[in-house]
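Visitor: Would you mind keeping the following structure in view while I ask a few things?
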Amino acid sequence: MPYVFSQAADTEAIAEREWGKAAQIMFTGFSSCIGIMAIKNNEVIGVHLPLRDGNNAVTNDDIDTAIGLLDGGAYPVVIGSISAWEASASAVYQHLVDTLHPVEQYAYGDGTYGGEIVNGRIQPRF
3 MPYVFSQAAD TEAIAEREWG KAAQIMFTGF SSCIGIMAIK NNEVIGVHLP
53 LRDGNNAVTN DDIDTAIGLL DGGAYPVVIG SISAWEASAS AVYQHLVDTL
103 HPVEQYAYGD GTYGGEIVNG RIQPRF
């Protein structure tokens, strides 16, 4: 079953399968999740991506839907539990990287992260 994404009510707490857009954003905690972000109209757009949605593993179609939420934004970034994705969903993660290419990658593991614009690029927040 495909992931269903919804707009976050709070751009300082973007939860799994939510997206948000603001001058600066934060995701809720990652445990095997990643966030993708890009800049559009001087704001950061971010999508919180889990490896699984209940019993359903992430697919290339889910990645394509998430990338669509970035609305063609510039300077894409992937942040979070990248090693978990490379170990558990390597083909899907590669599809993400190939589609966003070129993309900055911040393999920080589990934690709480976000981003803000500094000098025209996304700077990670902790």
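Heads up, the sequence shown is in the numbering used here, so the first residue is 3 and it goes up one at a time. Just so you know, even glycine gets a beta-carbon here, dropped at the ideal spot from N, CA and C.
(1) In this structure, does DSSP put residue 75 in helix, strand or coil?
(2) Span of the alpha helix (DSSP H) holding residue 93?
(3) Could you pull out every residue in the same chain whose Cβ sits closer than 8 Å to the Cβ of residue 126, ignoring the five residues on either side in sequence?
(4) Between which two residues does the beta strand (DSSP E) carrying residue 127 extend?
(5) Quick check: what's the CA-CA separation for residue 120 versus residue 58?
Guide: With the given structure in hand:
(1) Correct three-state label for residue 75: coil.
(2) Element bounds for residue 93: 92-102.
(3) Excluding five sequence positions before and after residue 126, the CB atoms of its chain that fall closer than 8 Å to its own CB belong to 79, 81, 108, 110, 115, 116 and 117, given in chain order.
(4) Here the beta strand (DSSP E) through residue 127 covers 123-127.
(5) Rounded to the nearest angstrom, the gap between the Cα atoms of residue 120 and residue 58 is 36 Å.
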